[in-house]
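Using our numbering, you'd call the opening residue of the sequence shown number 321 and step up by one each time. Even for Gly, the Cβ is constructed at its ideal location relative to N, Cα and C. The model shown is predicted, which means the values in this text are computed figures rather than measured ones.
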Amino acid sequence: MNSSRRNLLCMAGLTAVAASLPKAIPAAEAANPMNTMDCIATRRSVRAYKDQPVADADIQKILEMAMLAPSAANEQPWDFVVITDKTILGKVGDINHYAAYAANAPLAILLCLNESREKIKGMGILDMGMCAENLMLAAHALGIGSVFTGIYPEKDRMDAFAKLLNLPGEAQAIGLIVMGYPKINNTRVPSDRFNKSAIHYNKW
321 MNSSRRNLLC MAGLTAVAAS LPKAIPAAEA ANPMNTMDCI ATRRSVRAYK
371 DQPVADADIQ KILEMAMLAP SAANEQPWDF VVITDKTILG KVGDINHYAA
421 YAANAPLAIL LCLNESREKI KGMGILDMGM CAENLMLAAH ALGIGSVFTG
471 IYPEKDRMDA FAKLLNLPGE AQAIGLIVMG YPKINNTRVP SDRFNKSAIH
521 YNKW
């Protein structure tokens, strides 16, 4: 076999292998529907919502992005309770009066730390914080407003949400993210929070 024919066969083989590999997401496509930097800079806490349901497909996409958050030892210790029942949403204010506006929201998602999947004890709460941020940024990228309302470490709130939503013993209520399409413009001019004095190099 001459070298030209050998080279052609090698190229054909490499082309076939390449075609079978997963395709990388183009940068422009990955950036949709909102530039990452813009998404972070313009996200805000939204507490007033339109009377408009959030599509199931959007809820799934938001949760997919939440589950891509990093976690210690890749433990992925999260569970989610998606709440659309207006009766349940109306009871949130009885547990946490700071979140009473949930009664007027189309949706809330309870973030739970599943202790049975927490491989490194004490790290799960950090995982949940990163998960929550992913979730809220994904929602904002889709034009859906959200606000994080704290539950952990207030034991009375944790117990009340466990009772309201029938959580199993290993699931600890961490935070409730109330969501919906904003009544007002969901974007803002990014505020300059950069504080040079808070940055320390190598040593304090």
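Per DSSP, cross-strand counterpart(s) of Thr469
Looking at the DSSP output, Thr469 bridges to Leu496.
Within the continuous alpha helix (DSSP H) that includes Asn454, where are the two ends?
Following the DSSP letters along the chain, one finds Asn454 inside the alpha helix (DSSP H) bounded by residues Gly444 to Ala461.
Give the straight-line distance between the Cα atoms of Tyr472 and Tyr421, rounded to the nearest whole angstrom.
When only Cα atoms are considered, Tyr472 and Tyr421 end up about 19 Å apart.
Assign Asp447 to one of two classes, buried (16 or more other C-beta atoms within 10 Å of its C-beta) or exposed (fewer than that).
The residue in question, Asp447, is buried, as its Cβ has 16 or more Cβ neighbours within 10 Å.
Counting only beta-carbon atoms, is Cys451 nearer than 7 Å to chain C?
Of the protein chains in this structure there is only one, and it is not chain C.
By alpha-carbon positions, which one of Asp376, Cys432, Pro373 and His460 ends up nearest to Gly444?
Among Asp376, Cys432, Pro373 and His460, the Cα nearest to that of Gly444 is on Cys432.
Note down, in chain order, each residue of its chain lying with its Cβ closer than 6 Å to the Cβ of Gly470, except the 5 sequence neighbours on either side.
If we look at Gly470 and ignore the five residues flanking it on each side, its Cβ neighbours are Gly495.
If you compare alpha carbons, which of Ala386, Met387 and Leu484 is closest to Ala493?
Closest in C-alpha terms to Ala493, from the list Ala386, Met387 and Leu484, comes Leu484.
For Ile519 and Met357, what's the separation of their Cα atoms in angstroms?
Between Ile519 and Met357, the C-alpha separation is close to 20 Å.
Alpha carbon to alpha carbon, how far is Tyr369 from Ala386? Give it in angstroms, no decimals.
Taking the straight line from one Cα to the other gives about 22 Å.
Measuring CB to CB, does Glu384 end up less than 7 Å from Arg437?
Note that the C-beta distance between Glu384 and Arg437 is not below 7 Å.
Please classify Ile382 as buried or exposed, where buried requires at least 16 neighbouring CB atoms within 10 angstroms.
Classified as buried, Ile382 has 16 or more neighbouring CB atoms from the shown chains inside 10 Å of its CB.
Terminal residues of the beta strand (DSSP E) in which Leu427 lies
Counting along the chain, the unbroken beta strand (DSSP E) around Leu427 starts and ends at Leu427 to Asn434.
Of all the options Asn522, Leu430, Lys516 and Tyr501, which has the alpha carbon lying nearest to the alpha carbon of Leu409?
Considering only alpha carbons, the answer is Leu430.
Would you identify the three-state DSSP class for Tyr421, choosing helix, strand or coil?
When DSSP states are grouped into helix, strand and coil, Tyr421 belongs to the helix group.
Kindly give me the distance between the Cβ atoms of Ala504 and Phe468, rounded to whole angstroms, as I take these residues to be in contact under 8 Å.
Checking the sequence, you will find Ile at residue 504 rather than Ala. The beta-carbon distance between Ile504 and Phe468, rounded to whole angstroms, is 19 Å. This is too long to meet the 8 Å contact definition.
Give the secondary structure of Ile415 by DSSP, where H, G and I count as helix, E and B as strand, and everything else as coil.
In this structure, Ile415 counts as helix in the three-state DSSP scheme.
8 Å Cβ shell around Phe481 - same chain, five flanking residues per side excluded:
A distance below 8 Å between beta-carbons, with the five flanking residues on each side excluded, links Phe481 to the following residues of its chain, in chain order: Ile415, Leu430, Ile471, Leu487, Ala493 and Leu496.
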